[in-house]
Amino acid sequence: MTVRVRFAPSPTGPLHIGGVRTALFNYLFARKHGGTFILRIEDTDQTRYVEGAEDYIADAFRWLGITIDEGHLVGGQHDPYRQSERADIYLSHANQLIESGWGYYAFDTPEELDAIRKKNESEGKVFTYDSTTRSTLKNSLTLSADEVKTMLDNGDPYVIRFKFPENREVVMQDIIRGTVKVNTQTLDDKVLFKSDGLPTYHMANVVDDHLMEISHVIRGEEWLPSLPLHVLLYEAFGWTDTMPQFAHLPLILKPEGKGKLSKRDGDKLGFPVFPLLWTSPEGEVSRGYREDGYLPEAVINMLALLGWNPGTEQEIFSLEELCQQFDLERVSKSGARFDPDKAKWFNHQHITKKSDEFLALSLVDSLSGKDIIANFEYVVKVVSLVRDRLNFTHELWDHAHFFFENPAEFDEKIVKKRWKSDLIPHMQNVSQIIAATTPYQAESIKEAVSKYIETNGLGFGAIANALRLALVGSSVGPDLFAIVETIGAEACVNRINFAIENIDI
RNA sequence: GGCCCGUUCGUCUAGCGGCUAGGACGCCAGAUUUUCAUUCUGGUAGCAGGGGUUCGAUUCCCCUACGGGCUACCA
Numbered sequence: 003m004t005v006r007v008r009f010a011p012s013p014t015g016p017l018h019i020g021g022v023r024t025a026l027f028n029y030l031f032a033r034k035h036g037g038t039f040i041l042r043i044e045d046t047d048q049t050r051y052v053e054g055a056e057d058y059i060a061d062a063f064r065w066l067g068i069t070i071d072e073g074h075l076v077g078g079q080h081d082p083y084r085q086s087e088r089a090d091i092y093l094s095h096a097n098q099l100i101e102s103g104w105g106y107y108a109f110d111t112p113e114e115l116d117a118i119r120k121k122n123e124s125e126g127k128v129f130t131y132d133s134t135t136r137s138t139l140k141n142s143l144t145l146s147a148d149e150v151k152t153m154l155d156n157g158d159p160y161v162i163r164f165k166f167p168e169n170r171e172v173v174m175q176d177i178i179r180g181t182v183k184v185n186t187q188t189l190d191d192k193v194l195f196k197s198d199g200l201p202t203y204h205m206a207n208v209v210d211d212h213l214m215e216i217s218h219v220i221r222g223e224e225w226l227p228s229l230p231l232h233v234l235l236y237e238a239f240g241w242t243d244t245m246p247q248f249a250h251l252p253l254i255l256k257p258e259g260k261g262k263l264s265k266r267d268g269d270k271l272g273f274p275v276f277p278l279l280w281t282s283p284e285g286e287v288s289r290g291y292r293e294d295g296y297l298p299e300a301v302i303n304m305l306a307l308l309g310w311n312p313g314t315e316q317e318i319f320s321l322e323e324l325c326q327q328f329d330l331e332r333v334s335k336s337g338a339r340f341d342p343d344k345a346k347w348f349n350h351q352h353i354t355k356k357s358d359e360f361l362a363l364s365l366v367d368s369l370s371g372k373d374i375i376a377n378f379e380y381v382v383k384v385v386s387l388v389r390d391r392l393n394f395t396h397e398l399w400d401h402a403h404f405f406f407e408n409p410a411e412f413d414e415k416i417v418k419k420r421w422k423s424d425l426i427p428h429m430q431n432v433s434q435i436i437a438a439t440t441p442y443q444a445e446s447i448k449e450a451v452s453k454y455i456e457t458n459g460l461g462f463g464a465i466a467n468a469l470r471l472a473l474v475g476s477s478v479g480p481d482l483f484a485i486v487e488t489i490g491a492e493a494c495v496n497r498i499n500f501a502i503e504n505i506d507i
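When the letters of the first sequence are read in order and numbered with our numbering, they come out as residues 3 to 507.
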């Protein structure tokens, strides 16, 4: 079987992390089965169109390494891939529905319907446009053929609604959820074609999926309630034989509290909800994974494991491994809470796999932002010393700043604990020992300093910690003598002198 | 309110009638690092409740509770 799947976002804003996961699952499924991954822009609601959203989606995929086989940017055999450019296709299909009796014209205005809804609500009832009410409303089922023709000729605004068959049990198959049954009595006659001449999601989606020969529809669970409509639409068009298989993915939920993950959660709890930084046309800024120091492979890995598992104990995956191992059978049914802590851990794991040179590039960025010019070899060396403690690439500077600048101040707590007046002459001596040691290497320096400590009956910890304070400014960092070696004798001597002169006891 | 989906440690999950219910994140403790972080070792903690079916239910069925989604001329 030829696998053809699609990701069909609507460009109403930045692509949400949940959308990214849906795209990822589609992509992985396509790759796993040697199929085709299609990107289709569902922009049938021009009132919600947001400038830049389309580009954002493409940029996000590029960053993540998700490649598109067919779409509005790369073309394909089913051009165009932007629904706003396919209006004529939908119109002819909508008319087909009218002719076959599966659809009907409705002339009720939004205001009229609103009034009816309000009235019902005040009586404690809920209004639905369905087989029990459509005979009382203004549509081609209640109006005479002449009246309908007149209104149409007049150019009166109309919509086309789906006429659900009465009291029919629709039995559907979902790859993830199994058999789902719904009675048409509980469904309302959805608008398929709007008065603005464009279809709603339901019709555009079904028509395009059919025309584009989609084999599997993999989408979020929020679409499950409209599956009966879609299934019946395939039947109405006579496409049941080639109807795609459906898989409705569980939703990604808030880390805490109720409901599905939203932009506000990210702001509140301090993690990104979008892959890339986004600035809305109004100037509102939303943080992105990329800008927050996440690696694309970590974001992919984390998202893949949110709702899917390989059935083994492997947790760290490359995109290639996921392409090989992914399958819909192992997607879970229940919604998954997003866990920022685990996201951080995934990033740490993937940073571990990066080369010193790759990470050094990130540090070079920070350095140039501070007008510090450093030899690349030196930066690589520094990275090799501090990389283990990284959760995010942008933390490099915090962990390594003392390799590039002298300490300007000294951590008071550490001073109190580690800096004693009787240590000062020893620090001066140690400074000279460091400067005089050849070869100038961590090991030999450590040896020389240790010898000094021993012959003077001092504690290693006392000297080492004081020395670290002088060189770093606090009590953090990699191996002390690796620092001594890396920053060089001159810097060591200068820093020790500076510490002696500037630390108040 | 109606309809649909779901429910295993705090979180992500394994389990597909018989397991001391496994792993990961987090948390706690210890070891290493004479610093901090990393790393390593160990610990903590779970089958929502009630009925069935069965020799036997985390696993199958029903009910309840809880959670989630949908209920627009939005997707």
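All residues carry an ideal CB built from backbone N, CA and C; glycine is no exception.
Everything numeric in this text was worked out from a predicted model, so none of it was measured.
1. Identify which residue in V385, P167, Q434, G261 has its Cα closest to the Cα of W104.
2. Report the partner residues of Y107 according to the DSSP bridge assignment.
3. Taking the C-alpha atoms as reference points, what is the distance between L235 and S228?
4. Can you name the start and end residues of the alpha helix (DSSP H) that M174 belongs to?
5. When the Cβ atoms of the stretch 324-332 are set against those of the stretch 340-357, are three or more pairs found closer than 8 angstroms?
6. Can S336 and P257 be called in contact, C-beta distance under 9 angstroms?
7. Provide the residue span of the beta strand (DSSP E) that contains F195, from first to last.
8. For N303 and L278, what's the separation of their Cα atoms in angstroms?
9. Which of helix, strand or coil does DSSP assign to L41?
10. By a C-beta neighbour count over all protein chains shown, 10 Å radius and 16 as the cutoff for buried, is A438 buried or exposed?
11. Hey, K121 and L143: beta-carbon distance below 9 angstroms or not?
12. Less than 8 angstroms between C-beta atoms, sequence neighbours within five positions excluded: which residues of the same chain meet that for V150?
13. Could you check the C-alpha separation between F394 and K355 for me, to the nearest Å?
14. Using only the alpha-carbon positions, how far apart do R163 and L194 sit?
15. Taking the continuous beta strand (DSSP E) assigned at V184, which residues delimit it?
16. Applying the 10 Å Cβ sphere with the 16-neighbour rule, what's the burial state of P441?
17. Please say whether V172 and V233 have beta carbons closer to each other than 9 angstroms?
18. Using only alpha-carbon positions, find the residue among G290, A249, L255, H250 that is nearest to D269.
19. Could you check what DSSP says for N141 in three-state terms: helix, strand or coil?
20. Using the beta-carbon count (16 or more within 10 Å), is F462 buried or exposed?
21. Looking only at its chain, what residues have a beta carbon closer than 7 angstroms to the beta carbon of T242, apart from the 5 residues adjacent to it on each side?
22. Would DSSP call I2 helix, strand or coil?
23. If you drop the 5 nearest sequence neighbours on each side, which residues of the same chain put their C-beta closer than 6 angstroms to that of L369?
24. Can you tell me whether W310 is helix, strand or coil according to DSSP?
25. Along the chain, which unbroken stretches of the alpha helix (DSSP H) at least 4 residues long are found entirely within the stretch 358-424?
26. Per DSSP, which residues does A249 bridge with? Please list them.
27. Give the straight-line distance between the Cα atoms of G67 and P298, rounded to the nearest whole angstrom.
28. Does the distance from the C-beta atom of I318 to that of M429 stay below 9 angstroms?
29. For S288, name the three-state secondary structure that DSSP assigns.
30. So what's E149 in DSSP terms, helix, strand or just coil?
31. How many Å lie between T111 and D210 at the Cα?
32. Between the beta-carbon of I447 and the beta-carbon of I436, is there less than 9 angstroms?
33. Grab the span of the beta strand (DSSP E) containing R8 for me, first residue to last.
34. Among G313, K344, I353, whose alpha-carbon lies nearest the alpha-carbon of S320?
35. Could you check what DSSP says for F276 in three-state terms: helix, strand or coil?
36. With C-beta atoms as the reference, is R88 less than 9 angstroms away from A206?
Inspection of the coordinates gives the following:
1. The residue from V385, P167, Q434, G261 with its alpha-carbon nearest to that of W104 is P167.
2. Bridge pairing for Y107: I162 [DSSP].
3. When rounded, the distance between both Cα atoms is 11 angstroms.
4. Note, M174: premise wrong, no alpha helix (DSSP H); beta strand (DSSP E) at 171-176.
5. At 8 angstroms Cβ cutoff, the stretches do not touch.
6. No; because the gap between Cβ atoms is not below 9 angstroms, this pair is not in contact.
7. Note, F195: beta strand (DSSP E), 193-195.
8. For N303 and L278, the distance between alpha carbons rounds to 16 angstroms.
9. In this structure, L41 counts as strand in the three-state DSSP scheme.
10. It is exposed - the Cβ of A438 has fewer than 16 other Cβ atoms within 10 Å.
11. In terms of Cβ geometry, K121 and L143 do not form a close pair [threshold 9 angstroms].
12. Answer for V150: Y107, S142, listed in chain order.
13. Approximately 13 angstroms between the Cα atoms of the pair.
14. Looking at the backbone, the Cα of R163 and that of L194 are separated by about 5 angstroms.
15. For V184, the uninterrupted beta strand (DSSP E) segment begins and ends at 180-185.
16. It is exposed - the Cβ of P441 has fewer than 16 other Cβ atoms within 10 Å.
17. Cβ atoms of V233 and V172: closer than 9 angstroms.
18. Looking at the Cα atoms, G290 is the closest of the given residues.
19. Looking at N141 - three-state DSSP - the assignment turns out to be strand.
20. Burial call: exposed.
21. Cβ within range, chain order: Y236.
22. In the structure as shown, the chain starts at 3 and stops at 507, and residue 2 therefore has no counterpart that could be examined.
23. Excluding residues within five positions, the ones whose Cβ falls inside 6 angstroms are A376.
24. Residue state, collapsed to three classes: strand.
25. 358-371, 378-388, 398-402, 414-420, all fully within the stretch 358-424.
26. When DSSP reads this structure, A249 sits in a beta bridge with I220.
27. Taking the straight line from one Cα to the other gives about 8 angstroms.
28. For I318 and M429, no; Cβs fall outside 9 angstroms.
29. If DSSP states are grouped into helix, strand and coil, S288 belongs with the strands.
30. Of the three classes helix, strand and coil, the one that applies to E149 here is helix, per DSSP.
31. If you take the alpha carbons of T111 and D210, they lie about 28 angstroms apart.
32. Yes, they are a contact pair.
33. Unbroken beta strand (DSSP E) run through R8: 6-9.
34. For S320, the closest of G313, K344, I353 by C-alpha to C-alpha distance is I353.
35. DSSP places F276 in strand when its eight states are reduced to three.
36. Less than 9 angstroms separates the beta-carbon of R88 from that of A206.
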